[in-house]
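The opening position of the sequence shown corresponds to residue 373 in this note's numbering, with each subsequent residue numbered one higher. Glycine is no exception: its CB is placed at the ideal position from the N, C-alpha and C atoms. Bear in mind the structure is a predicted one, so any value in this text is a computation, not a measurement. This report concerns only the one structure given below.
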Amino acid sequence: QLREMREAAHHAAKAEARLAGEPEDCITQPQLMKLLIGSEFLVRDDAGTPRFKLVLIAQNLHGYGNLSQFITRLRRASPVKGEYTLHWRQIAPEKLADCLALLVLPREAADAELLAPAQWALQHFAGRTWIAVELLREASDALWLQRLQTLSEETALPLVAAGDVHFHVRSRKALQDVMTATRLGRTVAECGFDLQPNAERHLRSRYRISQLCTLELMAETLNVAARCTFRLDEISYRYPSEVVPAGRTASQHLRALTYEGAALRWPDGLPDEWRDRIERELLLIEDLGYEHYFLTVADTVQFARSIGILCQGRGSAANSVVCYCLQITSVDPKESTLLFERFISRERNEPPDIDVDFEHTRREEVIQHLYDKYGRDRAALTAVVTCYRPKSAIRDVGKALGFSEAQLDIMSKDHSGWPGQVLPEEHRVALLQQLGLPEDDPRLQQLIALGRQLNGLPRHLSQHVGGFVLTEGPLERLVPIENATMANRSVIEWDKDDIDELRMMKVDVLALGMLTAIRRCFDLLQPMRGKTYELATIPQDDTATYDMICAADTIGVFQIESRAQMSMLPRLRPRKYYDLVVEVAIVRPGPIEGGMVHPYLKNRLLPHNEIKYPKPELEEALGRTCGVPIFQEQVMQIAMIAAGFSAGEADELRRAMASWKRPGVLEKYYDKVILGMRRNGYEDEFAERIFRQIKGFSSYGFPESHAASFALLTYVSSWLKCHEPAAFLCALLNSQPLGFYTPAQLVQDARRHEVEVRAIDVNRSDRDSTLELRRGHPQPAVRLGLRLVSGLGDDAANRMEAARARDGLFAHPQDLAHRAQLTQADMQHLAAADALTSLAGHRRQQVWQASALHAMPALLQGSLLPEDDLELPAAAEGEEVLWDYAATGLTLRRHPLALLRPRLARQGLLTARQLDAVKSGRRAKACGIVTGRQKPQTAKGTLFVTLEDETGNVQVIVWNKVYEAHRSVILGARLLAVEGIWQRGDGDVRHLLAQGFTNLNPLLGRLTTESRDFR
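Written as structure tokens, this is what we have:
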């Protein structure tokens, strides 16, 4: 980033020199910048009034540690994330040893107000402090310089030239104003003197600075820089040591734990081949000094298992035999084709990568365990630099320019359907019509220009999803730490790339909703089936499970539930575990953009000996995927085998592929890949295809090591759906939000699989959904839980459950309200959800009785006052369905489209089941509730829409041109009628190729529906 900024500033400076009539030869090609590490602070007096700015710069490693610790203490003391308050008395110079200080004094201050900070600095930072001179072509520059020179003479503090740089080139001044307005929460017009008066706060050439500053001031900057020798690569990181018990070395302890785990994994005795592999892995881990890393991950996993939290490791090192023995992963190594040395090698000497997924509802327990074990001064989460995207850029720039909220909503509400560009040209005419603005409106022109500049720039610092940095010594001396927005969390100020660059250990404590669902499903099954379930003990190679997967009957399962995955399943037809590994990875930008999907499906049908390779030597890398590269690791292997990359260069390529946030970073490898393959006798077409896949991985690459771990969860969740559909549905409902599908869709799918789902009932429902045994039937029924009742809090649900367990069933609504201490609002929510049926009859009667309940005085509590009932007629089925969706988001009555079917049938609209009988290529019309819209980046603008009716789902494909022509209808419809060509593809893939659309929202009336849209 520094290099890019230096080049941009250089070219801009030459252009500005030409415009100003200055000699271009004064703008020399910049050399690599010497990076001075420091920080600027606003210092307040005892009354809290801002007095001056203090810039502290680290001279050496000790000074850097002091500065980092100083920042941490200020940030951690603030109740608000990202803020601090610094008073004179908080600055202890002895704690800032080896730091240089620059005073930045306010021009508006009186001479006496300037003298006090200077004398304070002279007293506390003698011999290592300067007064900063910032001359920015303001009217008072000459007078200000004279005042500072006088102050320097009075205090003997030297002056030094400074720039107060806020942007790299002059042309970014307007964007700086917008960002200032955003920070202050005002419009630009309201900011007044809070904006910078001119555009001089940019990186200026020495020639331009020399026109303002004396040679003495400029020379002093070199003096300051010369005294600073610190480099970031001096930071030395050490693993925590408490995972090793006294009396053992790290190697001894890791070996002991590994063989203890091996005895559990192979109860009949450890085979020699696995013993040899364990020894090879342990030797390599010891040689590279990574024992503490594996022990730390194993210790974290062991803690989670000890309190019943399901977890699963993934990542390159997680697919090792050592990790399998340590129970970090449940992936059987015999199912993996991965070589441990391919990821942890002596040549690359890079830290291992183990991500551990935990149940998403209980991961916080693991996070707090790490804080407790290692202490707040030695453990913190990694940061993430959140950058602007088109929507956020539009909103922030638009607010700063004074656009109304209504106008911003119009501009940003459906921006997810556009390219990654701010307000693209092809939508400008339609946008102007919606906004009611003339085409030459200057504010809109400014918004487009500034929004595009802002797009992609850092917006704020947030916390990583789970990357923990743990250290032996104080972490705050390596990197500043601040409080996170979430309570009881702290975050370092560096992101993942910074951590990798400085080779610091990061333990990824990640959250995965499917693990929550699987663990809850296991807990439901154990008492009912009388056996314990674990990831590693689910029966393998189950024919019925794979039959279900091949039929794309995968709503709710892990990874293969999306529209694209369900389309691929009948074509790939997985029949074994490794097929699932490929399935998980193949529907990704890398293989798709690299054109690898169709060749793989074609080769998969061939006998192994008929698969052709560009050269025999590539069979080692491509044999397991039918001669076609699918995984990130295979691309690395090809680069080494075919293009002559060294192990280190291949690792650099891997890192570049992972840098998807920085498009274009891979281009520098193009010549090396193409020329290397050409030199080794490979066709240019093959080389170009491989490079296209490399570029695809730069957007989103999927390693085989991750796919192997995910495939296990895919199989387990599929087995549960196939053999225990009731328990699986119950677990999914209790783990929401989760996956692609809403509770309504999950319930509809389960009922189509003959799962009995029973309504919410205050006398039978717990907070969570539960299973109820059915006499003479192997599958239990699912009783919906109180958590589905909109507006009902968890506390109220828990009180109801406890009261019923303590004193028996509720007799009538007043008994329920009294014993569970429910408010009238609670009772109304329950009545709206039809949950009082066993106490009050039909829903209208429930609502009437709930509305009549009032809190009783303390004197009357415990007494039941009889009241005459008013008999109300029951509502029609249509009204009941509306209430169901409004109160719980689903219905157990007939599907809404079943009620509308006679009317829809008169319009020639077929059901999903009727479409199955239509011949491929015939014209057809269908209608359904929109439950999902997907527009993958790899689909070249194609939109995939899922429609749900009473018989199933209809998958709709909308080409980009058709989408643009009908965009507002497609995005605005909740009930959508589609006319097009019915197609059956390979493997009996079915979809409707859309040509026309009708928005049928009026037919839904007040029915609320939910669509999950992904891009």
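Simplified DSSP state of residue i, which is helix, strand or coil
| i | result |
| --- | --- |
| Trp492 | helix |
| Ala1297 | The question names Ala, yet the displayed sequence has Lys at residue 1297. In this structure, Lys1297 counts as strand in the three-state DSSP scheme. |
| Cys600 | coil |
| Gln1117 | helix |
| Ser543 | helix |
| Ile820 | helix |
| Glu811 | coil |
| Ser1235 | Since pLDDT at Ser1235 reaches only 49, below the 50 mark, its modelled position is unreliable, and no value is offered. |
| Asn1373 | helix |
| Val841 | strand |
| Gly1368 | strand |
| Arg637 | helix |
| Ile853 | strand |
| Asn1325 | strand |
| Ser1223 | helix |
| Ile782 | helix |
| Ser608 | coil |
Own chain, CB closer than 6 Å to residue i, minus 5 neighbours either side, in chain order
| i | result |
| --- | --- |
| Ala1011 | Phe1017, Ala1022 and Leu1025 |
| Glu1322 | His1267, Leu1269 and Ala1270 |
| Asp1385 | Arg1305 |
| Ala924 | Met938, Leu941 and Pro942 |
Exposed unless 16 or more other CB atoms sit within 10 angstroms - verdict on residue i
| i | result |
| --- | --- |
| Lys1093 | buried |
| Ala1230 | Confidence at Ala1230 is low in this model, with a pLDDT of 49, below 50, so the placement of that residue should be treated as unreliable; the coordinate-derived value is given next. When all chains shown are included, Ala1230 counts as exposed. |
| Asn438 | buried |
| Arg875 | exposed |
| Asp725 | buried |
| Lys1333 | exposed |
| Glu572 | buried |
| Phe565 | exposed |
| Gln937 | buried |
| Gln1221 | buried |
| Gln835 | buried |
| Ser934 | buried |
| Gln624 | exposed |
| Ser577 | buried |
| Arg1294 | exposed |
| Met900 | exposed |
Same chain, Cβ closer than 7 Å to residue i, neighbours up to 5 away in sequence not counted
| i | result |
| --- | --- |
| Leu1281 | Lys1297, Ala1298, Cys1299 and Ala1349 |
| Thr1388 | Outside the shown range of the chain, which is 373 to 1387, sits residue 1388, and nothing can be said about it. |
| Tyr985 | Glu991, Leu994 and Gly999 |
| Glu645 | none |
| His1363 | Gln1327, Val1328, Ile1329 and Gln1355 |
| Leu804 | Glu811 |
Own chain, CB closer than 8 Å to residue i, minus 5 neighbours either side, in chain order
| i | result |
| --- | --- |
| Leu907 | Leu682, Gln684, Ser702, Ile890, Leu1084, Leu1085 and Val1088 |
| Ser1137 | Arg1155, Leu1156, Gly1157, Leu1158 and Ala1207 |
| Gly774 | Thr559, Val560, Ala561 and Arg815 |
Residue i vs residue j beta-carbon contact at 7 Å
| i | j | result |
| --- | --- | --- |
| Leu1101 | Tyr1257 | no |
| Val693 | Arg649 | yes |
| Glu991 | Glu1076 | no |
| Asn1371 | Val1326 | no |
| Ile739 | Val881 | yes |
| Cys695 | Gly633 | no |
| Leu1110 | Gly885 | yes |
| Ala1259 | Ala1204 | yes |
| Val757 | Pro852 | no |
| Leu446 | Tyr456 | yes |
| Leu847 | Pro612 | no |
Sequence ranges, alpha helix (DSSP H) only - wholly within the segment 1051-1094, length at least 4
1056-1072
Runs of beta strand (DSSP E) lying entirely within the segment 1115-1197, each at least 3 residues, in chain order:
1142-1144 and 1153-1155
Unbroken stretches of the beta strand (DSSP E), 3 residues or longer, contained in the segment 469-542
Correct list: 471-476, 501-506 and 531-534.
Residue ranges of each alpha helix (DSSP H) run of no fewer than 4 residues wholly in the segment 967-1036, ordered along the chain?
969-976, 991-994, 1004-1014 and 1019-1030
What runs of the alpha helix (DSSP H), each 4 residues or longer, lie entirely inside the segment 865-910?
868-873 and 885-901
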